[in-house]
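Protein chains: 2
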Amino acid sequence: MPRLELQYPNEPYSTVNRYGSTRARYDLETIHDIINKAPLLYVSFNDPSSPFPAVLPMIGQMGSFTHPSSDLGDVLDLYLHSYVSSRIINLCRTAPSSSSQGTEKGLPLTIAASHLTGLVLALTPNSHSYNYRSAVLFGHATLVTVPEEKLYAMELITNSVVPSRWAQTRVPPNAAELQSTSVLRVSIANGSAKIRSGMPHDDRGDLKNDEVLDRVWTGVVPVSQTLGEPVAGPYNRVAEVPGYIIEYVREANEEGVRVAEEAMVEVKVE
Amino acid sequence: MPRLELQYPNEPYSTVNRYGSTRARYDLETIHDIINKAPLLYVSFNDPSSPFPAVLPMIGQMGSFTHPSSDLGDVLDLYLHSYVSSRIINLCRTAPSSSSQGTEKGLPLTIAASHLTGLVLALTPNSHSYNYRSAVLFGHATLVTVPEEKLYAMELITNSVVPSRWAQTRVPPNAAELQSTSVLRVSIANGSAKIRSGMPHDDRGDLKNDEVLDRVWTGVVPVSQTLGEPVAGPYNRVAEVPGYIIEYVREANEEGVRVAEEAMVEVKVE
């Protein structure tokens, strides 16, 4: 029997309106995959002392401390880490234990991440676009206080930079390190993804215009992120770059190119 | 005489606290450069009907319609474009003509952008980091209503995808195209940048630990964005990829690698 595909609920604030029928995705697996593969997440929240919302680039990963073997498509929390006295941590510390809705405690956060996969060059400026995979999550952040959960999240986050890195470093963190780093657990209320794939689409009028068709090159320039050759630091004593780093560099680069190539083929949401 | 370097004012909401003395930058040129080179901007605002701030990935560019020959270090506006009936456009349309402070009209927006330039692998998880160039701008968005300014912004934004692309396409946009696209002008109130460069830094205790130093590889994996070979679309009739596209792909890739390499050398803020 096929496994049930979990979806985030459609609330007005989380619904993709423009091109929603072809580009929107609400299944947890797609959204969590985009978030976990993003090296940077853009985390937004309101600080009562500021006239503008705050947006911070942060490192984060989704996981489940209570069910560590969960799949990407399961209900997961988002873990973020930050310096102990940062503004977001201070706001979480003082966030009301229940929101105005009276149900969720913690600081309301919005988390966005995108992977740019192509420049879509069309006949007219208006039809220009990007191929991309983007996701947004909405949730409430509270400070992790259980030491085992904090270590679980720190390992998850370190291994998102380079897989298996945690176990290759000096661990566990000492008391001063644990004290200086705070970990936030974001309980996810909702989310959505928007994916653009395929080639340019132009309007019928332009597609009948020989002068324009004969003059304007149309197509896609694929875009990916590239990891370069690792460069040893000033106090490095390990003569050769370890295999797990070399392998990750190769795999990440191959996957980036593959995703950008696949993005040139249009995938319609069923 | 050296030209005066303009700086954004330090307000509590725009001040970089953590590592502020070594990583923060407030000069307009650095901040505007990071924003204009970012293919995606993360735009945050509050929608009274949502319990969470909104964050949208958008394309935007800084420029000056009144002084088009301005430099990056001059006072500039940020232009964003969007579909005419999108939520952000609707909110701008109904934004009060003066804020609660009574000075600035328009929808308060925060705009963030980052360039990841390296994975910084240290002896301990806590000392792991990224090399990056990130910027945040705060401002008030209003709809552009002057047709000439709208065209100026659309050209600026199209040419940020591929330089000179605008003039190579079917322009000017027709009445329907102009009607379906809205352009926002964000008047910038403040901003800051944060830049991390250099090699790993570990704590003294770990730097004296031979077992750790002999076992853990430390250094930087440079990161850059790569544009691949352009792929023609289904109705393309131009046999060869035009030179300005090939040249841009090459130049953008060379610059990405160069920036990631330069980022491995620590630059201290004077």
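Chains as they are written, first to last, in the numbering used here: chain A, 734 to 1003; chain B, 734 to 1003.
C-beta atoms are modelled at their ideal positions from N, C-alpha and C, and glycine is treated no differently.
So is residue i in contact with chain B if we call contact Cβ pairs under 9 Å?
| i | result |
| --- | --- |
| residue 988/A | no |
| residue 794/A | no |
| residue 984/A | no |
| residue 880/A | no |
| residue 824/A | no |
| residue 742/A | no |
| residue 819/A | yes |
| residue 947/A | yes |
| residue 827/A | no |
By Cβ distance, which residues of its chain are closer than 7 Å to residue i, with the 5 residues on each side in sequence left out?
| i | result |
| --- | --- |
| residue 974/A | 963 |
| residue 749/A | 756, 757, 925, 927 |
| residue 958/B | 989 |
| residue 780/B | 787, 820, 824 |
| residue 794/A | 769, 812, 889, 890, 893 |
Using three-state DSSP, classify residue i as helix, strand or coil.
| i | result |
| --- | --- |
| residue 936/B | coil |
| residue 902/B | coil |
| residue 746/A | helix |
| residue 1005/B | A question about residue 1005/B goes unanswered here, because the residues of chain B that appear run from 734 up to 1003. |
| residue 844/B | strand |
| residue 891/A | helix |
| residue 861/B | coil |
| residue 854/A | strand |
| residue 873/B | strand |
| residue 948/B | helix |
| residue 915/A | strand |
| residue 758/B | strand |
| residue 734/B | For residue 734/B, the predicted structure reports a pLDDT of 47, less than 50, and the residue's modelled location is therefore unreliable. The matter cannot be settled from this model. |
| residue 943/A | helix |
| residue 766/B | helix |
| residue 992/A | helix |
| residue 886/A | helix |
| residue 965/B | strand |
| residue 832/A | For residue 832/A, the predicted model reports a pLDDT of 47, less than 50, meaning its position is unreliable; a value from the coordinates is still stated below. Looking at residue 832/A - three-state DSSP - the assignment turns out to be coil, as it is neither helix nor strand. |
Shorter than 9 Å from the beta carbon of residue i to some beta carbon of chain A?
| i | result |
| --- | --- |
| residue 832/B | Residue placement at residue 832/B is poorly supported in this model, since its pLDDT is 48, which falls under 50; the coordinates are not used for a value here. |
| residue 903/B | yes |
| residue 877/B | no |
| residue 942/B | yes |
| residue 939/B | yes |
| residue 750/B | yes |
| residue 787/B | yes |
| residue 952/B | yes |
| residue 761/B | no |
| residue 991/B | no |
| residue 737/B | no |
| residue 994/B | yes |
| residue 756/B | no |
| residue 808/B | no |
| residue 910/B | yes |
| residue 895/B | yes |
For residue i, which residues from the same chain have a beta carbon less than 8 Å from its beta carbon, with the 5 sequence-adjacent residues on both sides left out?
| i | result |
| --- | --- |
| residue 758/B | 764, 925, 926, 927, 928, 1002 |
| residue 896/B | 977, 981 |
| residue 960/B | 981, 982, 985, 986 |
| residue 792/B | 772, 773, 774, 813, 814, 890, 893, 894 |
| residue 752/A | 927, 929 |
| residue 997/A | 851, 864, 930, 931, 932, 953, 955 |
| residue 867/B | 767, 845, 846, 847, 848, 926, 927, 928 |
Quick one: what's got a C-beta closer than 6 Å to residue i's C-beta in the same chain, skipping five residues either side?
| i | result |
| --- | --- |
| residue 744/A | 923 |
| residue 832/A | Any reading at residue 832/A needs caution, since the residue's pLDDT is 47, under 50, leaving its predicted position unreliable; the model's value is listed next. None. |
| residue 855/A | 861, 933, 935, 951 |
| residue 798/A | 882, 885 |
| residue 738/B | 760 |
Look up residue i in the DSSP assignment and give the residues it is bridged to.
| i | result |
| --- | --- |
| residue 791/A | 774/A |
| residue 867/A | 847/A, 927/A |
| residue 1010/B | Residue 1010/B lies beyond the residue range present for chain B, which begins at 734 and ends at 1003; the question has no answer from this structure. |
| residue 959/B | 957/A |
| residue 804/A | Note: residue 804/A sits in no beta bridge, so no partner. |
| residue 810/A | 796/A |
| residue 921/B | 872/B |
Can residue i be considered in contact with the ligand FMN, in the sense that its beta carbon sits closer than 8 Å to one or more heavy atoms?
| i | result |
| --- | --- |
| residue 944/B | Of the ligands one can find in the structure shown there are none, so the ligand FMN has no counterpart to examine. |
Listed in chain order, which residues of the region 771-785 of chain B have Cβ atoms closer than 8 Å to some Cβ of chain A?
Close to chain A, meaning a Cβ-Cβ distance shorter than 8 Å, are the following residues of the region 771-785 of chain B: 772, 773, 775, 777, 778, 779, 780, 782, 783, 784, 785.
Against chain B: residues of the region 838-871 of chain A by CB proximity under 8 Å
Residues 841, 842, 843, 844, 845, 847, 849, 852, 854, 855, 856, 857, 858, 859, 861, 863, 865, 867, 869, 871.
Using a Cβ-Cβ cutoff of 7 Å, what residues of the region 955-976 of chain B are near chain A? List them in chain order.
Residues passing the 7 Å Cβ filter: 955, 956, 957, 958, 959, 960, 961, 963, 964, 965, 966, 967, 968, 969, 970, 971, 974, 975.
Against chain A, which members of the region 914-940 of chain B pass a CB distance test of less than 7 Å?
Taking 7 Å as the Cβ-Cβ cut-off against chain A, the residues of the region 914-940 of chain B that qualify are 914, 932, 933, 939, 940.
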